[in-house]
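Undergrad: With the numbering used here, letter number 12 in the sequence shown gets 17, and the count goes up by one each step, no holes.
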Amino acid sequence: MKSAVAPLAHEIPSTPLDEVVAQLSEVYIEKGTPLFMRTVLALFSGGFATFALLYCVQPMMPLLSRDFAINAAQSSLILSVATGMLAIGLLITGPISDRIGRKPVMVTALLAAALCTIASTLMPSWHGVLLMRALVGLSLSGLAAVAMTYLSEEIHPQHIGLAMGLYIGGNAIGGMSGRLITGVLIDFVSWHTAMLVIGGLALIAATVFWRILPESRNFRPRSLHPRSLLDGFAMHFRDAGLPWLFLEAFLLMGAFVTLFNYIGYRLLAEPYHLSQALVGLLSVVYLSGIYSSAKIGALADQLGRRRVLWGTIVLMLAGIALTLLAPLVLVLVGMLLFTFGFFGAHSVASSWIGRRATKAKGQASSLYLFSYYAGSSIAGTAGGVFWHLAGWNGIGLFIGALLLGALLIALKLAKLPPL
Numbered sequence: 006m007k008s009a010v011a012p013l014a015h016e017i018p019s020t021p022l023d024e025v026v027a028q029l030s031e032v033y034i035e036k037g038t039p040l041f042m043r044t045v046l047a048l049f050s051g052g053f054a055t056f057a058l059l060y061c062v063q064p065m066m067p068l069l070s071r072d073f074a075i076n077a078a079q080s081s082l083i084l085s086v087a088t089g090m091l092a093i094g095l096l097i098t099g100p101i102s103d104r105i106g107r108k109p110v111m112v113t114a115l116l117a118a119a120l121c122t123i124a125s126t127l128m129p130s131w132h133g134v135l136l137m138r139a140l141v142g143l144s145l146s147g148l149a150a151v152a153m154t155y156l157s158e159e160i161h162p163q164h165i166g167l168a169m170g171l172y173i174g175g176n177a178i179g180g181m182s183g184r185l186i187t188g189v190l191i192d193f194v195s196w197h198t199a200m201l202v203i204g205g206l207a208l209i210a211a212t213v214f215w216r217i218l219p220e221s222r223n224f225r226p227r228s229l230h231p232r233s234l235l236d237g238f239a240m241h242f243r244d245a246g247l248p249w250l251f252l253e254a255f256l257l258m259g260a261f262v263t264l265f266n267y268i269g270y271r272l273l274a275e276p277y278h279l280s281q282a283l284v285g286l287l288s289v290v291y292l293s294g295i296y297s298s299a300k301i302g303a304l305a306d307q308l309g310r311r312r313v314l315w316g317t318i319v320l321m322l323a324g325i326a327l328t329l330l331a332p333l334v335l336v337l338v339g340m341l342l343f344t345f346g347f348f349g350a351h352s353v354a355s356s357w358i359g360r361r362a363t364k365a366k367g368q369a370s371s372l373y374l375f376s377y378y379a380g381s382s383i384a385g386t387a388g389g390v391f392w393h394l395a396g397w398n399g400i401g402l403f404i405g406a407l408l409l410g411a412l413l414i415a416l417k418l419a420k421l422p423p424l
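(1) DSSP has residue 34 in a bridge; who is on the other side?
(2) Short check: CB of residue 371 to CB of residue 95, under 9 Å?
(3) Note down, in chain order, each residue of its chain lying with its Cβ closer than 8 Å to the Cβ of residue 289, except the 5 sequence neighbours on either side.
(4) For the alpha helix (DSSP H) that contains residue 132, what are its first and last residues?
(5) I need the DSSP call for residue 222, collapsed to helix, strand or coil.
(6) If you follow the alpha helix (DSSP H) that residue 276 is part of, which residue opens it and which one closes it?
(7) When DSSP labels each residue in this structure, what does residue 194 get in the three-state scheme?
(8) Taking only beta-carbon atoms, is residue 240 less than 9 Å away from chain C?
(9) Assign residue 395 to one of two classes, buried (16 or more other C-beta atoms within 10 Å of its C-beta) or exposed (fewer than that).
(10) For the alpha helix (DSSP H) containing residue 330, name the first residue and the last one.
(11) Got a sec? Which residues, its chain only, sit under 7 Å from residue 136 by beta carbon, not counting five neighbours each side?
(12) Could you check whether residue 131 and residue 75 sit closer than 9 Å to each other, using their CB atoms as the reference points?
(13) So, for residue 399: in the same chain, excluding its five sequence neighbours on each side, which residues have a beta-carbon less than 7 Å away from its beta-carbon?
(14) Is residue 361 closer than 9 Å to residue 250 when the C-beta atoms are compared?
(15) On the three-state DSSP scale, how would you describe residue 108?
(16) Using the Cβ count rule (16 or more neighbours within 10 Å means buried), how would you classify residue 403?
(17) Which residues in the same chain as residue 201 place their Cβ atom closer than 7 Å to its Cβ, once the five residues preceding and following it in sequence are excluded?
(18) Got a sec, what are the start and stop residues for the alpha helix (DSSP H) residue 73 sits in?
(19) Tell whether a beta-carbon distance below 9 Å holds between residue 281 and residue 68.
(20) Alpha carbon to alpha carbon, what distance is there between residue 386 and residue 286?
(21) Relative to the C-alpha of residue 51, which residue among 240, 189 and 208 is closest?
(22) Between the Cα of residue 418 and the Cα atoms of 248, 213 and 261, which residue gives the shortest distance?
(23) With three or more beta-carbon pairs closer than 8 Å as the criterion, would you say the stretch 315-325 touches the stretch 341-351?
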């Protein structure tokens, strides 16, 4: 059946009969089956480990500023170098998975990232820590690039939104747990010990992932010939919707990471003077993202993505507006609403990629996530400039501008004719 895959320009074109045979050979995983449960649990574990490893450093940033005598923008590099290298790695690991398979790439990625996190606790200097964080990001690209592709290939199209939402829910729990564990622990132990705990948990999650994830049944290898890769990228950028979804990912993730990079600086200072442990506990707002990613993903399956995406961005705008107010309760409600909207928007946009990309899906996912993590790296550090210039009002202005751009793109996508 592998010969029935539609090749790119430099290969022999397939016939319509070949394409029909390829479609008939696909065996999708249906909702409610044991394979569905194993798949979503494995991807949930993988998403948990990925985001716990990536974002466990965020609550440490004020502490790192003090310990290494660096400012907020410099401290943000501990996250930005990881997300930047992750973005670059996505352009490599996605095409590799198109050639050698999805599961081997994802398992190797998780194990390597966990080991690099443990190794970072042994680094004596700031530059050594940044080097290990760069390797963590590069390793994690192997799972981030492939997970969405695996789901879009193996899960029945009617249930992709739900499955993607559950995977992103694992991302949300991982991001929450990583921040929560380190945010609380660093009030009592060193940041080295906190990172060691996260690395150990990630090793456990990687083992669960490896043991229970079903092998691919619909994967068909593609050529790694440079012409094949270039043709795939060109095909995606010629699509009427995919380039806008790539830009949407950049803006949404840039806004989200900027808020959580600098909210700790605000809440530790006047007039709140919260402890580091309390700031870490605020990561429980991720619970709203866990709910919204699955709920809004399923809603998008029913109503259509073009009808749902713009509404989630409006929720994010309302959330950031509330954080500009002084009462702590309103700030917390704003963070909750902002997080709810973000994970819903990401669930909708990421599942849309799998539906629009009919070929070279690994490359399409890689381009989406490259933009996603490039937004995290670039906007997450650029936000530090606005923080130093105008405090939280500057952060609110910066995030608001990113979200207005995202809203305009969502409205444009709403008018996009379906395939």
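The beta-carbon is built from N, C-alpha and C at its ideal position, and this holds for glycine as well.
TA: With the given structure in hand:
(1) Position 29 of the sequence shown, counting from 1, holds the residue named residue 34. According to DSSP, residue 34 bridges with 160.
(2) The residue given as residue 371 occupies position 366 in the sequence shown. The residue given as residue 95 occupies position 90 in the sequence shown. For residue 371 and residue 95, yes; Cβs fall inside 9 Å.
(3) As a working mapping, residue 289 is identified with position 284 in the sequence shown. Excluding sequence neighbours, residue 289 sits near 181 and 185.
(4) Here residue 132 refers to the residue found at position 127 when the sequence shown is read from its first residue. Element bounds for residue 132: 131-149.
(5) Start at 1 with the first residue of the sequence shown, and residue 222 comes out as number 217. Here residue 222 sits in coil by DSSP.
(6) By 1-based counting over the sequence shown, the position of residue 276 is 271. Per DSSP, residue 276 belongs to no alpha helix (DSSP H) and is neither H nor E.
(7) Numbered from 1 along the sequence shown, position 189 holds the residue referred to as residue 194. The answer is coil: DSSP assigns residue 194 none of H, G, I, E or B.
(8) Given the protein chain composition of this structure (a single chain), no chain C is represented.
(9) Residue 395 sits at position 390 when you count from the first residue of the sequence shown. Exposed, because fewer than 16 other Cβ atoms sit within 10 Å of the Cβ of residue 395.
(10) As a working mapping, residue 330 is identified with position 325 in the sequence shown. Where residue 330 is concerned, there is no enclosing alpha helix (DSSP H), given that its DSSP letter is neither H nor E.
(11) To locate residue 136, count along the sequence shown from 1; it is residue 131. Answer for residue 136: no residue qualifies.
(12) As a first step, residue 75 must be located in the sequence shown, where it is residue number 70. As a first step, residue 131 must be located in the sequence shown, where it is residue number 126. Yes.
(13) Along the sequence shown, one-based indexing puts residue 399 at 394. If we look at residue 399 and ignore the five residues flanking it on each side, its Cβ neighbours are 391 and 392.
(14) Residue numbering aside, residue 250 sits at position 245 when the sequence shown is read from its first letter. Residue numbering aside, residue 361 sits at position 356 when the sequence shown is read from its first letter. A contact, by the Cβ cut-off of 9 Å.
(15) Within the sequence shown, the letter at position 103 stands for residue 108. Residue 108: helix per DSSP, three-state reduction.
(16) On the sequence shown, residue 403 is found 398 positions in, with the first residue counted as 1. Per the 10 Å Cβ criterion, buried.
(17) Your numbering for residue 201 matches position 196 in the sequence shown. Only 123 and 126 meet the Cβ criterion.
(18) If you number the sequence shown from 1, residue 73 lands on position 68. Careful: residue 73 lies outside any alpha helix (DSSP H) and carries neither H nor E.
(19) Stepping through the sequence shown from its first residue, residue 281 is reached at position 276. Stepping through the sequence shown from its first residue, residue 68 is reached at position 63. Result yes, Cβ atoms of residue 281 and residue 68 sit closer than 9 Å.
(20) Here residue 286 corresponds to residue number 281 of the sequence shown, with the count starting at 1. Here residue 386 corresponds to residue number 381 of the sequence shown, with the count starting at 1. Taking the straight line joining both Cα atoms gives about 23 Å.
(21) Here the question's residue 51 lines up with position 46 in the sequence shown. For residue 51, the nearest C-alpha among the options comes from 208.
(22) Here residue 418 refers to the residue found at position 413 of the sequence shown. Ranking 248, 213 and 261 by Cα distance to residue 418 puts 248 first.
(23) yes
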